[in-house]
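A quick write-up on the structure given underneath.
Protein chains in written order, with my numbering: chain V, 1 to 397; chain Z, 398 to 800.
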């Protein structure tokens, strides 16, 4: 009999702490601004920023030293391409490079003097393409278009020469391009930057929010010296106090996560090759893991000021360590193993496997297990946190 | 001096007051573990961490799969040459696309190169076009480049040989045939980042962002603490507008002193230590650029932090801005593609101008004249946020006095 009552008592305590926490959550606008408002703003920002997904009308320049109908035709054709826009016409290489260095254009095409004459006389006039690869994404986009233009010019000329010599078009093409390379893009067929970026960056931001608000919500009890009251509500048990405190936030974060997923996969129509359910589950576990890590950080450093700073440093690192921008394969081996310390890495692996590739189940399950393992972390600091909460002996600065 | 004793007295009083504000602010920074963590640990450790993280600059030996249904001398030659490139490595050879697809889905490999059954026949047949198909894993953009580049190079090489053969068969001599194959050749030059290194692209903007964001978050944390602990020493002469000006200048100078050293280390010294980072700019120019970059960021931060009434508020709410500032600036996602409303908003952030200005100076070797737009914009923002901060400071003081 007593045992069941005790069990019920624990549940009651958790509910009491959760109720207390919910009251705190609504007592100051800070909590809702830091979670709901910030998350929604970020969703809105990235969704509208990368609306188009693929760059369009990238500014490029042309140095037309030939200035004949043919060269002007080349410029005209270049301008009619969807991806680029001829923003500048320059008289010399130096002028174009100056514009490049000022950041006005991402690349330029140089059409040499006597281009038309040499072209007619089969003297192989050379076109030159320059791109500013400081801005890799933009430069590669411009580069592709400029190169395509060069190939068009070259191909058109060759076709003209060969058909004039009496060959049929397929015959001529067999001469001009005996091997054709066809490129297929798997997992993101349109090379959509939004799919590549938003799918991981929004969960990453959610992770940042979880870190800072969880650390804050626990640390503020110490700072305001309310930790004893918090512990009393939980009947003196730190694990109950923590569970009750964290639970309302878990619900809030999971709702935010579901909003994110709905935005990405339902509104923005990102592809889900595998299971949407698995994506949702991994997000749910990711939320809990991030909370566990936040508890660990505040447990190790029960001063809200230091813990918040450390949490921020850790949270920001996740974006580059998770390998979604820079593949883990290219990192130094020592760093490759460090990536495992960031739940975002594991979430990203699930995302790649489920949303993009629809790969084998173990590639989803393993990262989820790694995330679940992190859930035991708070156990190590419960005693420490209990001690800090009772003695209120945390450093103040 | 004896002629104007009053003025001299005022000047010396002013200088002493500003000096006091500077000293107090610096003292506060160095007695706050949270701010020290943000300023110095993040400001110095982050760059090193990122430098090591992207040490390799590019991805090498990406594992790929070869599906060679042709099994001919020609296709094997092609594969051998592709395999020889440092960009990819043929890790698996499959006999069917289904098998290859499974391997790719399991992320054992990140690309497939496929030769159809009739590949060699078409090449030998002197007529038709032979096809090669590439399947690129797009989960990371870097993989695709690694496969496309060597495949296209080999393709061009093979193609020229075939072309010569075919022309010869048509009765054209070698010399003439060569000219025909090269209708209008082109040359390509990738300026400033010739190997398309990821570190050379990402790290320089990250360095600027580290400086600006640690400053921003640190100031918010510190001012929040000031407000919370009701440090009233600056409120003595709150009825004077000049008082607010002096306090603002004093605080800004304190942060400027601390950060001029940090920025010089991160933005000038650091790229020169990690040799794979671009550093073709003139250090003097960068130093000159750092002045308005820091001042505008300091006044921007002082203004925003004026709304922080608690120590933690800034950190909890403003942490994700680091990502917003990076993306709204239009460095990774090109600036012309950013929707107009966001672009206009981005002009109000010092980071937008700072990122581009620094990239132009450091990575592209631009002159001061070429970054005049960014340089001027930063000074305008400095003035703009200075005025806003002073007004806000004055109102805060007056409010505090009324209570």
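By construction, the Cβ of each residue, glycine as well, lies at the ideal position given by its N, Cα and C atoms.
Owing to the predicted nature of the structure, the values given are computational and were not obtained by experimental measurement.
Chain-ordered, the chain V residues with CB closer than 9 Å to the CB of residue 529 of chain Z read 179, 180, 181 and 182.
Residue range 179-186 is occupied by the beta strand (DSSP E) that includes residue 183 of chain V.
DSSP lists Z:533 as the beta-bridge partner residues of residue 508 of chain Z. Here the alpha carbons of residue 379 of chain V and residue 696 of chain Z stand approximately 44 Å from one another. Looking at V:25, V:390, V:42 and V:8, the one whose alpha-carbon comes closest to that of residue 206 of chain V is V:42. The beta-bridge partner set that DSSP reports for residue 128 of chain V consists of V:110 and Z:584.
Looking at the DSSP output, residue 85 of chain V shares a beta bridge with V:59. Taken atom to atom, the span from the alpha-carbon of residue 500 of chain Z to that of residue 16 of chain V is near 52 Å. Among the residues of chain V, none has a CB under 9 Å from the CB of residue 604 of chain Z; the nearest is roughly 13 Å distant.
Residues of chain V whose Cβ lies closer than 8 Å to the Cβ of residue 668 of chain Z do not exist, since the nearest Cβ in that chain is about 13 Å away. For residue 246 of chain V, the uninterrupted alpha helix (DSSP H) segment begins and ends at 238-261.
Taking a cut-off of 8 Å for Cβ pairs, the stretch 464-483 of chain Z and the stretch 511-529 of chain Z touch, as three or more such pairs fall below it. When 7 Å is used as the limit between beta carbons, residue 131 of chain V is near these residues of chain Z: 587 and 588, in chain order.
Chain Z has no Cβ within less than 8 Å of the Cβ of residue 246 of chain V. The continuous stretches of beta strand (DSSP E) do not include residue 480 of chain Z, which lies in the alpha helix (DSSP H) extending over residues 470-481.
One Cα belongs to residue 100 of chain V, the other to residue 413 of chain Z, and the distance between them is close to 48 Å. Annotation: the continuous alpha helix (DSSP H) that includes residue 782 of chain Z extends over 769-799. Neighbours of residue 193 of chain V across chain Z, judged by C-beta separation under 7 Å: 730. What residue 434 of chain Z touches in chain V, judged by beta-carbon distance under 8 Å, is 306, 309, 310 and 313, going in chain order. When Cβ-Cβ separations below 8 Å define contact, residue 358 of chain V makes contact with chain Z. Sequence-ordered contacts of the stretch 536-551 of chain Z with chain V read 536, 537, 538, 539, 540, 541, 542, 545, 548 and 549 [C-beta pairs closer than 8 Å]. The beta carbon of residue 78 of chain V does not come within 8 Å of any beta carbon belonging to chain Z, so the residue lies off that interface.
Closest option to residue 552 of chain Z, judged by alpha-carbon separation, among Z:617, Z:526, Z:534 and Z:565: Z:526. The bridge partners DSSP lists for residue 336 of chain V come to none.
When V:78, V:159 and V:174 are compared, the shortest CA-CA separation from residue 519 of chain Z is found for V:174. Per DSSP, the unbroken beta strand (DSSP E) holding residue 486 of chain Z starts and ends at 485-491. Closest in C-alpha terms to residue 435 of chain Z, from the list Z:786, Z:616 and Z:648, comes Z:616. The stretch 15-35 of chain V makes no contact with the stretch 117-134 of chain V; the number of CB pairs closer than 8 Å stays below 3. Cβ proximity to chain Z below 7 Å picks out 304 and 305 from the stretch 281-305 of chain V.
Between residue 285 of chain V and residue 368 of chain V, the C-beta gap is smaller than 8 Å, which places the two residues in contact. Between the alpha carbons of residue 746 of chain Z and residue 91 of chain V lies a gap of roughly 35 Å. Each residue's CA atom was taken as its position, placing residue 277 of chain V and residue 260 of chain V some 14 Å apart. When C-beta atoms of the stretch 694-714 of chain Z are compared with those of the stretch 165-180 of chain V, fewer than three pairs fall below 8 Å, so the two segments do not count as touching. Pairing residue 355 of chain V with residue 289 of chain V gives a Cβ-Cβ distance that is not under 8 Å.
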